[in-house]
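Peer 1: If you scroll down you'll find the structure; I have some questions about it.
Number of protein chains: 2
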Amino acid sequence: MDTLFVGIMTKFIVVAFLLLHTSASSPSSSSSSPGAAGMLKQLFQYIDDHQNQFVQRLREWVTVQSNSGDHTKWGEVERILNMTAVRIQEMGGTVDFADVGTHQLPSGETVPLPPVILAEFERDPKKATLCIYGHVDVQPAKMADGWTTDPFNLTEIKGNLYGRGATDNKGPVLAWLHAVESYQEIPVNIKLIIEGLEEVGSYGLLELTRKINDSFFADVDFIVISDNVWATRNPALTYGTRGSSYFFVEVDGPKLDFHSGVYGGSIQEPMSDLIALLGSLLDHTGKILVPGVTDDVAPLTEDERKLYDNISFDLEEMKSVAGVKHFLQDTKEEVLMARWRNPSLSIHGIQGAFSEPGTKTVIPKQVTGKFSIRQVPNMDPPDVERKVKEHLLQVFSTLKSPNRLRVTATVGAKPWVANLKDPQYVAGQRAVREVFGVEPELIREGSTIPIAQNFQEETGKSVMMLPIGGHDDGEHSQNEKINRIPYVSPLNSFEFFLHSR
Amino acid sequence: MDTLFVGIMTKFIVVAFLLLHTSASSPSSSSSSPGAAGMLKQLFQYIDDHQNQFVQRLREWVTVQSNSGDHTKWGEVERILNMTAVRIQEMGGTVDFADVGTHQLPSGETVPLPPVILAEFERDPKKATLCIYGHVDVQPAKMADGWTTDPFNLTEIKGNLYGRGATDNKGPVLAWLHAVESYQEIPVNIKLIIEGLEEVGSYGLLELTRKINDSFFADVDFIVISDNVWATRNPALTYGTRGSSYFFVEVDGPKLDFHSGVYGGSIQEPMSDLIALLGSLLDHTGKILVPGVTDDVAPLTEDERKLYDNISFDLEEMKSVAGVKHFLQDTKEEVLMARWRNPSLSIHGIQGAFSEPGTKTVIPKQVTGKFSIRQVPNMDPPDVERKVKEHLLQVFSTLKSPNRLRVTATVGAKPWVANLKDPQYVAGQRAVREVFGVEPELIREGSTIPIAQNFQEETGKSVMMLPIGGHDDGEHSQNEKINRIPYVSPLNSFEFFLHSR
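Sequence lines, in order, name chains A and B.
According to the numbering used here, the stretch in the first sequence is residues 43 to 543, in order.
According to the numbering used here, the stretch in the second sequence is residues 43 to 543, in order.
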């Protein structure tokens, strides 16, 4: 089964970018020409013959614990980048490791950043050039978080391949590579830009994009990103993402952790200061209480509102998937807008306090609260950061605390929204129509893929997000997977499409 | 140096219980008889000859990570109990392992409890019987918490022996055993009751005390506990301890941890519910906001207030030891009362949220906040537990949350206060006077040693707390140690005491 679905995933991309190519280069021409059909037969044969390899590669990649959120794991990030480079070179591509400089940690320590892969395959000036972006770093994962299977040992259960990075984003990156590999003669020129720091905000990638704008990107026509999932069981194109700023609220108090029996009652504890600070951020309705932070949220237009009507989103099903009695909103449209086009604040945890099972009667000397704010047009991360810091300092001043407060922020990725009239989106909608025989859902993504915004702003090229993952893939969660079902339906479409020539 | 101070510690106890014996058995007789002096010379010679062994034993005991707060470490607790039993048997004592039954964990799982050691040495009915209590379990410790040396490898720096359990309570337990070992003919009968669950509230010990009240305790005259430290550089006797209840506030929400980008804004997050709950417990002045919880605090009498005048407590020095700009109170007396005779609430941490370094954009599905309340006469732990639960349920109802709240409490140890007119305290004060040549400071202990209260209430015997550890030993903290300085001054006192015969 697993071998089958990888083939299907790859075939989908093969068809998708063949269609993208034909659609974009000559909008009037039909991709359903005998030539195209013959080429596809040949391609699919190659894919079927190599499925075992494709799955084995995903398994090898998943074993690498390339958790970029912990800089002590950046060695693993470099390892997976090297594996990626070797794969591209084996396929006849050329690879350049771009140095993106250093990064200062919250501790103040400066560390070198893992490089970014810039790759390309032999170029035909007559063909359009497609640049594929992906990332090979992952979120943390451990069995203790509640995984059913080892997150770093790709395991299939009932047609799902479970493993950290299966859908975010190692699986899709490999799918693109397998598609390229499957071609005898590829209809577009291919470039690749693969990074290892997406999960922490793509340090250095923006600067690199500016630096190579006139070289690497000069002849690029389209940039495609497959780093998100469908919203429902229906195929989708994504036209917007939320930005994000990640905040560290450090309260630093006594010299040592103390016994709460010995000092309790005489010391203003960093932990109670921090709880008061975190408690001032949002109310129980999810409303962000930081003054002015939501002032710049773009108003909802009637055209935008209408897009939500077409989305086959089932509120009851989503409740049962999420395992919640109710969401903060009452209607499908409100819930989707809360996730896609409105800001949100999540408190992720506290570092430095007692977090293990059991009991410990400690007064932690220093605690760091962590939260992030998802941002939407037209919010501006530096402005949000300033307002959050002012707010926390103001609240802290009311605590009359002898402790020291330090608020720092990382990431600060801008939100992104595309123009649906852009030729690539027109082509993309046509591709979905031809491959799946249905209208694509035009969706937004609540999570943050900063480079969509950055690529569009810096290169001025057409950027499209083409989701491959299923709506229930659980990126960043326990039991992250790639589900075969979203790829099975395309297969039928392909066959219909081929035999109906 | 380290060998020297262990000798001094042991000599102090040798003298102390010789004096306790003589003081208690015949208040008029002086312990400073030639016989006593001769016996002491002989004893001290034995101690000097065996110091290397004494230090080595403490080192061996410290290597055992008997962290009772984590029930998965109870195997290590049993290991240190067995080492203790072997030591007593080697000294000619008899050991009985008392079964104290099972314990239900917050998870609902039931686990067997480590046994309690009941030991005694050959009995002379003409002598008074002294029962020594101690515990050999410890608080958690790891380098990452900020230890300078390996907490489980006893390390001396400048006359301090650093290691988890050095002062709380493995060191003092060994000191008593070494004192007993040093005697040829011991002036009192010795019984020992040694447990391994003190740090979690001595599960089962209260029931055991009741069970053996008419057997093991029948012929006991005095119970002595050395499980606390002096308040200052001056010797002290302790006449009160605070009680404690440890609370788990579990908020259980979605089925899985979610990506804050995907679900943020649509879900009422368990973490924000928990922050609101924890934020409702106390204000920035340290005042406990749970209605009615402090109603039963005993009023301060004039006699009690006077005791605080004699305590050579230096507020400025304590600030620099603690590393705080100021305490929650302004005067020495207020700070001591806040630590000793008034209740306090400390928030220790959160389990289930992201607590590691770096960034993780997660919405934790289930989080458990942990806090404890130190209690004083005449607060009643079950009453406090009821009021805390009512308060948290009331606050939670205002959050209109779809999540599930579960509040559980463990420990529930009662506060304790002794009668200073008790013969053992009179004897104790005389012993300090004779050994140290100064008036003892009569102090209370902010931390919780539940068995003092339990022994006194259940057995009706005279219970005294005789601190051995230094005021800056840092029990429960990083770099816990036993400091030689508090034991150096007694040495001079001993010599003065001996030569002045």
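For every residue, glycine included, the Cβ atom is placed at its ideal position computed from N, Cα and C.
Contact between the segment 186 to 197 of chain A and the segment 249 to 268 of chain A: three or more CB pairs below 8 angstroms?
Peer 2: Touching, no.
Peer 1: Distance, Cα to Cα, GLN408 of chain A vs SER504 of chain A?
Peer 2: When rounded, the distance between both Cα atoms is 47 angstroms.
Peer 1: In chain order, what residues of the same chain have a beta carbon less than 6 angstroms from the beta carbon of GLY328 of chain B, not counting five sequence neighbours either side?
Peer 2: Same-chain partners within the cutoff: LEU370.
Peer 1: I think ALA19 of chain B touches ILE392 of chain A, with their Cβ atoms under 8 angstroms apart; what is that distance to the nearest whole Å?
Peer 2: Past the boundaries of the shown model lies residue 19 of chain B; chain B is included only from 43 to 543, so the question cannot be answered.
Peer 1: Does DSSP classify ASN352 of chain B as helix, strand or coil?
Peer 2: If DSSP states are grouped into helix, strand and coil, ASN352 of chain B belongs with coil.
Peer 1: Please say whether GLU120 of chain A and THR136 of chain A have beta carbons closer to each other than 8 angstroms?
Peer 2: Not in contact: THR136 of chain A and GLU120 of chain A (Cβ atoms no closer than 8 angstroms).
Peer 1: Output needed in chain order: residues of the segment 100 to 115 of chain A with a Cβ under 9 angstroms from some Cβ in chain B.
Peer 2: Answer set for the segment 100 to 115 of chain A: ASN109, SER110, GLY111, ASP112, HIS113, THR114, LYS115.
Peer 1: In chain order, what residues of the same chain lie with their CB nearer than 8 angstroms to the CB of GLY365 of chain B, ignoring the 5 residues before and after it?
Peer 2: Result list for GLY365 of chain B: empty, nothing under 8 angstroms.
Peer 1: Runs of 3 residues minimum, wholly inside the segment 82 to 119 of chain A: which ones carry the beta strand (DSSP E) assignment?
Peer 2: Correct list: empty.
Peer 1: Any beta carbon from chain A within less than 8 angstroms of ILE510 of chain B's own beta carbon?
Peer 2: Judged by the 8 angstroms Cβ criterion, ILE510 of chain B is not in contact with chain A.
Peer 1: Going by Cα to Cα distance, which pick from B:GLU118, B:GLU102, B:SER308 is closest to MET360 of chain A?
Peer 2: The residue with the shortest Cα to Cα distance from MET360 of chain A is B:SER308.
Peer 1: Return the CA-CA distance between SER386 of chain B and SER268 of chain A, expressed in angstroms with no decimal places.
Peer 2: Looking at the two C-alpha atoms, the distance is approximately 54 angstroms.
Peer 1: Below 7 angstroms on C-beta distance, what does PHE396 of chain B contact in chain A?
Peer 2: Result: HIS390, GLY391, LYS412.
Peer 1: Output the boundary residues of the beta strand (DSSP E) element that contains ALA278 of chain B.
Peer 2: Run containing ALA278 of chain B: 278 to 283, per the beta strand (DSSP E) assignment.
Peer 1: LEU216 of chain B to LEU203 of chain B, Cα distance in whole Å?
Peer 2: If you take the alpha carbons of LEU216 of chain B and LEU203 of chain B, they lie about 14 angstroms apart.
Peer 1: Mark LEU378 of chain B as exposed unless 16 or more other C-beta atoms lie within 10 angstroms of its C-beta, in which case mark it buried.
Peer 2: When all chains shown are included, LEU378 of chain B counts as buried.
Peer 1: Check whether chain B comes within 8 angstroms of ASN384 of chain A, counting only Cβ atoms and requiring the distance to be less than that.
Peer 2: Yes - at least one Cβ of chain B is within 8 angstroms of the one on ASN384 of chain A.
Peer 1: For HIS145 of chain B, go through chain A and note every residue whose CB falls closer than 7 angstroms to its CB, in chain order.
Peer 2: Those do not exist, as HIS145 of chain B stays about 12 angstroms from chain A at its closest Cβ, beyond 7 angstroms.
Peer 1: Kindly indicate if chain B contains any beta-carbon less than 8 angstroms away from that of ALA278 of chain A.
Peer 2: False, the Cβ-Cβ gap to chain B never drops below 8 angstroms.
Peer 1: Whose C-alpha, out of A:TYR225, A:PHE139, A:GLY306, A:ASN124, is nearest the C-alpha of ARG416 of chain B?
Peer 2: The residue with the shortest Cα to Cα distance from ARG416 of chain B is A:GLY306.
Peer 1: If the criterion is Cβ atoms closer than 8 angstroms, does the pair SER4 of chain B and VAL180 of chain B meet it?
Peer 2: Any question about residue 4 of chain B goes unanswered here, given that chain B covers just 43 to 543.
Peer 1: Can you have a look at ILE199 of chain B and say buried or exposed, based on whether 16 or more other CB atoms are within 10 angstroms of its CB?
Peer 2: With fewer than 16 other Cβ atoms within 10 Å, it is exposed.
Peer 1: I'd like to know if THR8 of chain A contacts chain B, where contact means its C-beta is closer than 8 angstroms to some C-beta of that chain.
Peer 2: Since the first and last residues shown for chain A are 43 and 543, residue 8 of chain A lies out of range.
Peer 1: For GLN497 of chain B, collect the residues of the same chain with a Cβ closer than 6 angstroms to its Cβ; drop the 5 residues on either side in sequence, then sort them by chain order.
Peer 2: The sequence as given places Phe at residue 497 of chain B; Gln does not occur at that position. Around PHE497 of chain B: ILE265, VAL505.
Peer 1: Taking 8 angstroms as the threshold (C-beta atoms), are LYS412 of chain A and HIS390 of chain A in contact?
Peer 2: Result yes, Cβ atoms of HIS390 of chain A and LYS412 of chain A sit closer than 8 angstroms.
Peer 1: Does DSSP classify TRP458 of chain B as helix, strand or coil?
Peer 2: TRP458 of chain B: strand per DSSP, three-state reduction.
Peer 1: If you draw a straight line from the C-alpha of GLN95 of chain B to the C-alpha of LYS463 of chain B, how long is it?
Peer 2: So the two alpha carbons sit approximately 39 angstroms from each other.
Peer 1: Beta-carbon separation of ILE317 of chain A and LEU323 of chain A under 8 angstroms?
Peer 2: No, they are not a contact pair.
Peer 1: Can you find a CB in chain A that lies within less than 8 angstroms of the CB of ILE524 of chain B?
Peer 2: It does not: the Cβ of ILE524 of chain B has no partner Cβ on chain A nearer than 8 angstroms.
Peer 1: If you pair each beta-carbon of the segment 86 to 93 of chain A with each one of the segment 124 to 141 of chain A, do three or more pairs fall below 8 angstroms?
Peer 2: The answer is no - the segment 124 to 141 of chain A does not touch the segment 86 to 93 of chain A, with fewer than three Cβ pairs under 8 angstroms.
Peer 1: Relative to the alpha-carbon of LYS348 of chain A, which residue among A:LEU319, A:ILE485, A:PRO509 has its alpha-carbon at the smallest distance?
Peer 2: Residue A:ILE485 is the option with its Cα nearest to LYS348 of chain A.
Peer 1: So what does DSSP say about LEU441 of chain A, is it helix, strand or coil?
Peer 2: Of the three classes helix, strand and coil, the one that applies to LEU441 of chain A here is coil, per DSSP.
Peer 1: Which same chain residues end up closer than 6 angstroms to SER286 of chain A when comparing Cβ atoms and leaving out the 5 residues on each side of it in sequence?
Peer 2: So the qualifying residues of the chain are SER414, ARG416, VAL453, ALA455, THR490.
Peer 1: For chain A, check one thing: does any of its Cβ atoms lie closer than 8 angstroms to the Cβ of PHE258 of chain B?
Peer 2: It does not; no Cβ of chain A falls within 8 angstroms.
Peer 1: Mind checking which residues open and close the alpha helix (DSSP H) that includes ASN202 of chain B?
Peer 2: That residue, ASN202 of chain B, is in no alpha helix (DSSP H); its beta strand (DSSP E) goes 202 to 204.
Peer 1: Starting from the beta carbon of HIS177 of chain A, find every residue of chain B whose beta carbon is closer than 8 angstroms, and list them in chain order.
Peer 2: The contacting residues do not exist; HIS177 of chain A stays about 14 angstroms from chain B at best.
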